[in-house]
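Enquirer:
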Amino acid sequence: MCELSVFREIGGQRELVMEGVISLTTRGSRLLLEGILGDVQELEGRVLEVSIVSQQALIGSP
0 MCELSVFREI GGQRELVMEG VISLTTRGSR LLLEGILGDV QELEGRVLEV
50 SIVSQQALIG SP
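Mapping to numbering that gives the first Met the number 0: the sequence shown position 10 is 9, numbers consecutive.
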């Protein structure tokens, strides 16, 4: 199974937000991240990039 590591870009730096993400849903300016173990995180932002090859997603400010 392909899980994503989600990073947030702040001031040119990347910060890990969550690992093992199996679902990333946009809800207006909010993102809902769901992990393989059932953990859920909702945060403000927008998707900048998703790479299946590197199994990473990058989010930025809304």
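The beta carbon of each residue, even a glycine, is placed where N, CA and C say it ideally should be.
1. Quick one: measure Cβ to Cβ for Q40 and S4, integer angstroms, because I've assumed they're closer than 8 Å.
2. First and last residue of the beta strand (DSSP E) that includes V20?
3. Going by C-alpha distance, which of E18, L32 and M17 is nearest T24?
4. Given a threshold of 16 other Cβ atoms within 10 Å of its Cβ, counted over all protein chains shown, does R29 qualify as buried or as exposed?
Expert: The structure says:
1. Going by Cβ atoms, the distance from Q40 to S4 rounds to 13 Å, so no, they are not a contact pair.
2. Q12 to R26
3. L32
4. exposed
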